[in-house]
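Engineer: Here the numbering used here is used: the first residue of the sequence shown is -14, the next is one more, and so on. Ideal Cβ placement from N, Cα and C applies to all residues, glycine included.
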Amino acid sequence: MPREMAGAAADGAFKAVLAVVFVAGAAPLGELLGVPVWLMAVSGVALLVGGAVGIGYLRSRPMSTYLKLMIGYDACWALAAAIGLLMAWRGSAAGGEVWMGYQVIAPLVFAAVLMAAKPARLPSQARRDTPA
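1) Among the residues of its own chain, which have a CB less than 7 angstroms from the CB of Gly80, if the five just before and after it don't count?
2) Counting pairs of beta carbons, one from the stretch 20 to 37 and one from the stretch 45 to 57, are three or more of them closer than 8 angstroms?
3) Keeping to the same chain, check which residues put their C-beta closer than 6 angstroms to that of Met25; ignore five residues upstream and five downstream.
4) Are the CB atoms of Ala(-7) and Gly39 within a distance shorter than 8 angstroms?
5) Taking Glu(-11) as the reference, which of Lys103, Arg44, Ala60 has the closest Cα?
6) With Ala1 as the anchor, note down where its alpha helix (DSSP H) starts and where it stops.
7) Let's test the definition: count the other Cβ atoms within 10 Å of the Cβ of Met85 and tell me whether it reaches 16, buried, or not, exposed.
8) Quick one: measure Cβ to Cβ for Gly57 and Lys0, integer angstroms, because I've assumed they're closer than 8 angstroms.
9) Where does Ser28 sit, in a helix, a strand or coil, going by DSSP?
10) For Ala91 versus Trp62, is the C-beta distance shorter than 8 angstroms?
11) Can you list, in chain order, the stretches of the alpha helix (DSSP H) that have 4 or more residues and sit fully within the stretch 43 to 111?
12) Expressed to the nearest angstrom, what Euclidean distance is found between the alpha-carbon atoms of Leu93 and Leu99?
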């Protein structure tokens, strides 16, 4: 398995593990972050969907698509975390909701874009397309 593919598989597995943590610990984590339990549970389900789709499409989508999606996802994750921390630092109770809201939307967008992406061309398909 190429290194990039292993990274994409690890990304999907991490989302799935985080999903289990969010659902199993929805009450204490929700209290810690100042968000409702239902938001923690919904974000866990969204992360599970994102992780499962990521793993499921691993061999059928180009690695370049995965890399672009993972970079965008993680960059926006860092931005949402920074905004949430800034809001909390400034006294707003909505910082956790911003961060967890991202955890609901982003994995579903990731999954939808990945599912809509063009399938990867296998080397055997490229040979068939080449005139002899």
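Structural biologist: From the atom records:
1) Working through the sequence shown from its first residue, we reach residue 80 at position 95. Here the set comprises Gly69, Leu70, Met72, Ala73.
2) no
3) As a first step, residue 25 is located in the sequence shown; it is residue number 40 there, counting from the start. Here the set comprises Phe7, Ala11, Leu14, Gly15.
4) Along the sequence shown, read from residue 1 onward, the residue named residue 39 stands at position 54. Along the sequence shown, read from residue 1 onward, the residue named residue -7 stands at position 8. Closer than 8 angstroms, so yes.
5) Walking along the sequence shown from the start, residue -11 turns up at place 4. Checked all of Lys103, Arg44, Ala60; the closest Cα to Glu(-11) is Arg44.
6) One-based indexing of the sequence shown puts residue 1 at position 16. Ala1 -> alpha helix (DSSP H) spans -12 to 9.
7) Counted from its first residue, the sequence shown places residue 85 at position 100. Met85 comes out buried.
8) Taking the first residue of the sequence shown as position 1, residue 57 is located at position 72. Taking the first residue of the sequence shown as position 1, residue 0 is located at position 15. 15 angstroms between Cβ atoms; not a contact.
9) The count along the sequence shown starts at 1 and reaches residue 28 at position 43. If DSSP states are grouped into helix, strand and coil, Ser28 belongs with the helices.
10) Numbered from 1 along the sequence shown, position 106 holds the residue referred to as residue 91. Numbered from 1 along the sequence shown, position 77 holds the residue referred to as residue 62. Cβ atoms of Ala91 and Trp62: closer than 8 angstroms.
11) 48 to 74, 80 to 101
12) Position 108 of the sequence shown, counting from 1, holds the residue named residue 93. Position 114 of the sequence shown, counting from 1, holds the residue named residue 99. Rounded to the nearest angstrom, the two C-alpha atoms are 10 angstroms apart.
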